[in-house]
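One structure below.
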Amino acid sequence: GLGSALGGLLGGGGTAGSGVGDMLGGLQRQASANPLASGVLAGGLASVLLGGRRGRGMSQNTMKLGGLALIAGLAYKAYQANQAKQGKVAAPQSASANIPQAAGQELLPPPADSPFMPTESEADDRARLMLTAMISAAKADGTIDQAEQSRIFERLGSVELDAEDKAYLMDQLRAPLDLDGIVRQASKPEVAAEVYAASVLAIDPDHPAEKAYLQMLAARLGLADDLVEDIRRTAETARATA
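In the working numbering, the protein residues as written are -5 to 236.
And the structure:
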């Protein structure tokens, strides 16, 4: 349901293994060899994406980029699989990255110079877009009632965010669904793929209302059907290994 989905989005609640925080925590463990990703999910997904300060020796930007790297890694891996099936060359990798992303391998962040990875100057906007996309997807099967809001806001109180970021997150939870705004911000194909990937991670893609939302989102983002399927498949594999 909506309450458990949003509870998982904030790093707890819901059934065991069903939360986005739990699922991405598994991906973080897989990516532990990458210094950018190491430890970035300790404080829950909202804390990571909005730059909550967790872990010694990690700057705020490093944490935001690390959290985004995990979502970007899913979209990037699906893109590579899609390109390989079409016999096309995948997005270029950094020569220093040496992190293969072929289908069937562990999910790792894309190379730092990939268009799937935001620069430090883009990190704030990209983080908020991903979080907004996940919250919007979680709203697909209904609205948040007062009791659900209270539970979510109580959990939010324990997340290490500054006042501005916390207010932003609360506003997003209360706001009506704004698909136009999400699509408008996802003007680049790589960002569009990440928005769709983040949305798939946030909800049960087989629930009728949520399935319909994902279909509408993919169409509005202009994503090809085969790429959408590759993103779904990659997300399902990630869930299974989390």
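Think of the CB as a built atom: it goes at the ideal place given N, C-alpha and C, for glycine as much as any other residue.
Residue interval of the alpha helix (DSSP H) (run including residue i)
i           : result
residue 176 : 173 to 179
residue 126 : 117 to 132
residue 169 : It is not in any alpha helix (DSSP H) - residue 169 carries neither H nor E in the DSSP assignment.
CB-CB length for residue i against residue j, believed under 8 angstroms
i           : j           : result
residue 171 : residue 205 : Wrong, their Cβ atoms sit about 16 angstroms apart, outside the cutoff.
residue 121 : residue 221 : That belief does not hold up - the Cβ atoms of residue 121 and residue 221 are roughly 23 angstroms apart, past 8 angstroms.
residue 208 : residue 194 : 7 angstroms
residue 135 : residue 203 : 4 angstroms
Residue i (DSSP reduced to helix, strand or coil)
i           : result
residue 228 : helix
residue 217 : coil
residue 107 : coil
residue 182 : coil
residue 159 : helix
residue 68  : helix
residue 198 : coil
residue 77  : helix
residue 252 : This structure cannot settle anything about residue 252, because the visible part of the chain is limited to -5 through 236.
residue 205 : helix
heavy atom of the ligand HEM below 7 angstroms from residue i C-beta
i           : result
residue 196 : Absence of the ligand HEM is noted for the structure shown, with no ligands found whatsoever.
Contact check, residue i vs residue j, beta carbons under 8 angstroms
i           : j           : result
residue 67  : residue 104 : yes
residue 75  : residue 231 : no
residue 188 : residue 124 : yes
residue 69  : residue 225 : yes
residue 160 : residue 109 : no
residue 186 : residue 217 : yes
residue 213 : residue 65  : no
residue 117 : residue 62  : yes
Cβ-based neighbour list, residue i, same chain, cut-off 6 angstroms, excluding 5 preceding and 5 following
i           : result
residue 184 : 109 and 110
residue 166 : 126 and 129
Beta-carbon proximity list for residue i, same chain, < 8 angstroms, skipping 5 on both sides
i           : result
residue 140 : none
7 angstroms CB neighbourhood of residue i in its chain, flanking five on each side removed
i           : result
residue 169 : none
residue 215 : 177, 180, 186, 189 and 190
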